[in-house]
């Protein structure tokens with residue numbers, strides 16, 4: 110959500126909601142939409158919920174986002190927090206840096222986690238964090254933790270779908286397990302299609318319509 114607009118996230122949220130029957134859908138607030146006054150952040154969150162029908166919003170940050178989380182929760186909108194590696198802050202951090210490697214960093218992560226919980230978040234994502242630190246945070250919090258590159262001791266897990274099914278072209282993060290190689294499957298299918306179009310074997314008789322065809326539907 111770095112470089113995404115509120116309108117873009119709303120459009121994506123609407124698409125997800127159209128395909129969701131029972132899932133708890135959480136829409137990320139994009140960078141720039143919540144590092145503002147309490148009134149403006151509530152307005153952004155309210156717009157996302159009203160226009161998508163999602164169940165909750167998510168924002169990145171810990172101690173520095175307490176007032177924003179509390180304001181959204183006070184407005185009756187559930188909030189999911191996000192601590193550790195924060196994708197919207199990678200430019201400021203100088204890249205995708207793993208968190209929790211020093212005692213000072215560990216203490217800061219714990220402060221962030223407790224602050225998010227105390228502000229009223231119903232859950233928190235822990236990303237790109239040293240395993241034992243994420244596990245310790247999960248044990249200390251009463252709210253569910255969701256890990257991505259964190260710990261198997263988190264209450265839930267996330268993987269980006271493109272990473273999980275093998276569609277990522279660039280370097281795949283260490284924490285990703287690829288459960289399929291759809292990149293190769295799609296590439297093979299596209300090349301086969303292009304070859305058949307060029308040699309005029311597609312479309313064949315079974316893929317065109319004639320006046321005597323008994324089927325009226327496409």
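Residue numbers (the working numbering): 110 to 327. Glycine included, each C-beta is placed from N, C-alpha and C at the ideal position. Quick caveat, the model's predicted, so the values are computed rather than measured.
In the DSSP assignment, what residue or residues form a beta bridge with residue i?
| i | result |
| --- | --- |
| residue 189 | 167, 232 |
| residue 294 | Per DSSP, none; premise fails for residue 294. |
| residue 137 | 167 |
| residue 254 | 233 |
| residue 265 | 255 |
| residue 208 | 238 |
Return the CA-CA distance between residue i and residue j, expressed in angstroms with no decimal places.
| i | j | result |
| --- | --- | --- |
| residue 254 | residue 233 | 5 Å |
| residue 201 | residue 173 | 15 Å |
| residue 114 | residue 319 | 48 Å |
| residue 327 | residue 285 | 41 Å |
| residue 147 | residue 290 | 44 Å |
| residue 139 | residue 224 | 21 Å |
| residue 213 | residue 157 | 36 Å |
| residue 321 | residue 281 | 53 Å |
| residue 117 | residue 149 | 18 Å |
| residue 252 | residue 210 | 24 Å |
| residue 190 | residue 314 | 56 Å |
| residue 184 | residue 271 | 34 Å |
| residue 307 | residue 292 | 23 Å |
| residue 226 | residue 260 | 19 Å |
| residue 194 | residue 170 | 9 Å |
| residue 242 | residue 119 | 34 Å |
| residue 236 | residue 268 | 11 Å |
| residue 192 | residue 249 | 15 Å |
| residue 264 | residue 258 | 13 Å |
| residue 129 | residue 122 | 10 Å |
| residue 219 | residue 299 | 48 Å |
| residue 154 | residue 283 | 33 Å |
| residue 256 | residue 244 | 9 Å |
| residue 287 | residue 266 | 14 Å |
| residue 196 | residue 125 | 21 Å |
| residue 111 | residue 297 | 32 Å |
| residue 159 | residue 127 | 14 Å |
| residue 317 | residue 186 | 52 Å |
| residue 262 | residue 203 | 28 Å |
My guess is that residue i and residue j are in contact by the Cβ rule of under 8 Å, so how many angstroms apart are they, rounded?
| i | j | result |
| --- | --- | --- |
| residue 168 | residue 205 | Incorrect: roughly 19 Å between the Cβ atoms, too far for contact. |
| residue 181 | residue 145 | That belief does not hold up - the Cβ atoms of residue 181 and residue 145 are roughly 12 Å apart, past 8 Å. |
| residue 175 | residue 207 | 24 Å between Cβ atoms; not a contact. |
| residue 246 | residue 216 | Going by Cβ atoms, the distance from residue 246 to residue 216 rounds to 11 Å, so no, they are not a contact pair. |
| residue 229 | residue 178 | 6 Å |
| residue 328 | residue 188 | Absent from the structure is residue 328, since the part of the chain shown begins at 110 and ends at 327. |
Does the beta carbon of residue i fall short of 7 Å from some heavy atom of the ligand ADP?
| i | result |
| --- | --- |
| residue 116 | The ligand ADP is not part of the structure shown, which contains no ligands of any sort. |
Would residue i pass as an interface residue toward chain D - the criterion being a Cβ-Cβ separation below 8 Å?
| i | result |
| --- | --- |
| residue 299 | No chain D is part of this structure, which consists of one protein chain only. |
Do the region 161-178 and the region 122-140 meet, that is, are 3 or more Cβ pairs less than 8 Å apart? yes
Quick check: the region 264-277 against the region 299-306, are there 3 or more CB pairs under 8 Å? no
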